[in-house]
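Here is the structure we will look at.
Residue numbers (my numbering), protein chains in the order written: chain A, 152 to 260; chain B, 59 to 409.
Okay, structure coming up:
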């Protein structure tokens, strides 16, 4: 297993280049939390069950992402600031294929 | 005025278990929670989800954990102030505290234990420009009194259980019910979805999907909403009430202004000793606190609650001698007169 590089734009518009492990069953929301790129308590509120949308992000690169589950789809249908490229970070697992992924965190709501 | 020994702010698992540990020390507890039911996140966000790291429970649903905790603490007769948010705290000259809620309910306690999780759950407000102008003038985020809607025209938006269930309920009260959701699909219990379908077929509910309320109309109070719906020009629906039901999100809220040391949206505590905050007599336990190495786990909250109660006891009774007793040895004496104890062994000779 290898580490991958990600580009994450935080809620203040600052770009961070970070390295994420692919062998720790981590998802994007957890990577953001591990680097403290969003204030504690404002991201991953439900813990990663696709039940709160606090980890919503916009995917700016054209990586092939895991298909959206019904839960994620339904949660995004009730979230705010949703765009075409919105995903829930907690549903995106870190895999070698996602090397170079570029995402932007959606505003807090 | 409600009086108690330990006032617990937050009725999630940590807050509930505090009642048990305090009860063993003969301390009485009262809990305040912004939600209308106990259980915190476990009952509000994921009651049907399993938890696998509660010791001795290989698997337990979050809702069941709440029920079991309520069962475990019932002989200690905790008081509850539910549906109200702790707003202000005043330290008295005798080192006790008075905590007042947003509805003015006053609580007097010797000890305050903040077990507030991620904060109090506040409704998520849709991004409509002038929505705050209409709050309590036709826009309500929480339905408190259904009678308010009798013979009124009501527009509900949202796609989850609460939007479905209230739409169903209000068809018997309101003159018109319109349910608007951004998708055709709703996420709710199967029978709620079916019931809404049935009411729609009977013409008792108007469903507008995929659609969204874009603007609110009215002068003194709400008179209508502007709806955006795929394939149509924006149109107006007459409405006396607009009820957006987009779930709740936790906010630390007024506790942040109590003079407590806050770091990373959590309250700093002394984890070397008793989880006391920088204000003596105020403790913070469970997900709401922070210290080096903190983990936001229910099982850690239970541990913190236990140590905190010992410290609270010493604060209330500084000169009393006490040693911790195992429940297996000492049994459990409830404030309701019940007693649980280990059955006595039979001592009898065998011929």
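Cβ coordinates follow ideal geometry from the N, Cα and C atoms, glycine included.
Residue burial classification, residue i (beta-carbon count within 10 angstroms, cutoff 16)
i              : result
residue 405(B) : exposed
residue 350(B) : exposed
residue 200(B) : exposed
residue 151(B) : exposed
residue 183(A) : buried
residue 214(B) : buried
residue 218(B) : buried
residue 210(A) : buried
residue 242(A) : buried
residue 168(B) : buried
residue 78(B)  : buried
residue 192(A) : buried
residue 249(B) : exposed
residue 165(A) : exposed
residue 387(B) : exposed
residue 175(A) : exposed
residue 190(B) : exposed
residue 409(B) : exposed
is_contact[residue i, chain A] using C-beta, thresh 7 Å
i              : result
residue 217(B) : yes
residue 265(B) : no
residue 164(B) : no
residue 199(B) : no
residue 109(B) : no
residue 104(B) : yes
residue 322(B) : yes
residue 355(B) : no
residue 9(B)   : Past the edges of chain B, shown from 59 to 409, lies residue 9(B), and the structure says nothing about it.
residue 82(B)  : no
residue 143(B) : no
Cβ neighbours of residue i in the same chain (closer than 8 Å, five flanking residues each side left out)
i              : result
residue 81(B)  : 87, 131, 133, 134, 390, 392 and 393
residue 254(B) : 222, 225, 226, 237, 244, 263 and 265
residue 71(B)  : 97, 98, 100, 123, 124, 127, 344, 356, 359 and 360
residue 314(B) : 320
residue 113(B) : 357
residue 184(B) : 215, 271, 302 and 304
Backbone secondary structure at residue i - three-state DSSP
i              : result
residue 280(B) : strand
residue 179(B) : strand
residue 233(A) : coil
residue 168(A) : strand
residue 242(A) : helix
residue 182(A) : helix
residue 269(B) : strand
residue 228(A) : helix
residue 374(B) : helix
residue 361(B) : helix
residue 201(A) : coil
residue 187(B) : coil
residue 333(B) : coil
residue 207(B) : helix
residue 221(B) : helix
residue 91(B)  : strand
residue 187(A) : coil
residue 253(A) : strand
residue 407(B) : coil
residue 98(B)  : coil
residue 105(B) : coil
residue 117(B) : coil
residue 379(B) : coil
Close-in-space but distant-in-sequence residues of the same chain around residue i (CB under 6 Å, 5 per side omitted)
i              : result
residue 137(B) : 88
residue 204(A) : 226 and 230
residue 286(B) : 270, 272 and 292
residue 182(B) : 304, 305 and 307
residue 312(B) : 145
residue 335(B) : 318, 325, 327 and 342
residue 267(B) : 239 and 242
Cβ separation of residue i and residue j, assumed to be a contact under 8 Å, to the nearest whole Å
i              : j              : result
residue 168(A) : residue 214(A) : Not a contact, Cβ separation roughly 16 Å.
residue 146(A) : residue 259(A) : Outside the displayed span of chain A (152 to 260) sits residue 146(A), for which this structure offers no information.
residue 190(A) : residue 352(B) : No, residue 190(A) and residue 352(B) are not in contact; Cβ-Cβ is about 15 Å, not under 8 Å.
residue 296(B) : residue 282(B) : 5 Å
residue 142(B) : residue 92(B)  : 7 Å
residue 172(B) : residue 90(B)  : Rounded, the Cβ-Cβ distance is 10 Å, inconsistent with contact.
Chain B within 7 Å of residue i, Cβ atoms only
i              : result
residue 202(A) : yes
residue 195(A) : no
residue 189(A) : no
residue 192(A) : yes
residue 225(A) : yes
residue 257(A) : no
Minimum Cβ-Cβ distance from residue i to chain C less than 7 Å
i              : result
residue 304(B) : Absent here is chain C; the protein component of the structure consists of chains A and B.
Sequence-distant residues of its chain with Cβ nearer than 7 Å to residue i (five each side left out)
i              : result
residue 59(B)  : 164 and 166
residue 162(A) : 189, 256, 258 and 259
Proximity test, residue i beta-carbon vs the ligand SAH heavy atom, cut-off 6 Å
i              : result
residue 160(B) : Inclusion of the ligand SAH in the displayed structure is not the case, the ligand content being empty and no account of it being possible.
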